[in-house]
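S.K.: Residue numbers (mature numbering (1 follows the signal peptide of the UniProt record, and there is no 0)): -20 to -1, 1 to 115. Yeah, the Cβ is synthetic: ideal placement off N, Cα and C, and Gly gets one too. Small disclaimer: the values here were computed from a predicted structure and weren't measured.
#1: Please confirm if the stretch 29 to 45 is in contact with the stretch 65 to 78, defined as three or more CB-CB distances below 8 Å between the two stretches.
#2: Taking the Cβ atom as the reference point for each residue, do residue 44 and residue 11 lie within a distance shorter than 9 Å?
#3: On the three-pair Cβ rule with 8 Å, is the stretch 70 to 84 touching the stretch 12 to 27?
#4: Given this structure, state the Cα-to-Cα distance separating residue 98 from residue -19, to the nearest angstrom.
#5: Output yes or no for whether 9 Å exceeds the beta carbon distance between residue 72 and residue 36.
#6: Taking buried to mean at least 16 other C-beta atoms within 10 Å of its own C-beta, is residue 15 buried or exposed?
#7: What are the boundary residues of the alpha helix (DSSP H) that includes residue 53?
#8: So residue 89 and residue 70 are supposed to be a Cβ contact under 8 Å. How far apart are they, rounded?
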């Protein structure tokens, strides 16, 4: 009975850990809607801007899904494609905004870069640990 409980606990722990490691990107529509809603709230977009931004983000989300599928394990190639896609889309969005909105958008982008740097530092320290050899 004790062994059975230990095995169940171990299986539960492994399943919980495995689920925690999976990234939940959501559907392209969900991602596009979330990003659009964020800009509508922060930049006070008008209806025309909202529609155009939504289209840009929908196209971006679909392209990101395709990039992830095509890249497989090649993280460097994926990163380059994603960075180019985001730069292009940021330029498209910037062209839609008023000067005040552009200033706020720039601040938002700078804050995002800082968050990414902090996340990158955290990843760097964990990746310094050498992975275990093939078992």
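M.R.: So, from the listed chains and residues:
#1: In short, these stretches touch, since the Cβ pair count reaches three.
#2: In contact: residue 44 and residue 11 (Cβ atoms closer than 9 Å).
#3: Contact between the stretch 70 to 84 and the stretch 12 to 27 is present: 3 or more CB-CB pairs across the two stretches fall below 8 Å.
#4: Distance between the alpha carbons of residue 98 and residue -19 is about 44 Å.
#5: Result yes, Cβ atoms of residue 72 and residue 36 sit closer than 9 Å.
#6: Burial call: buried.
#7: Looking at the DSSP string, residue 53 is not in any alpha helix (DSSP H), and its letter there is neither H nor E.
#8: Indeed, because the Cβ distance is near 7 Å, the residues count as touching under 8 Å.
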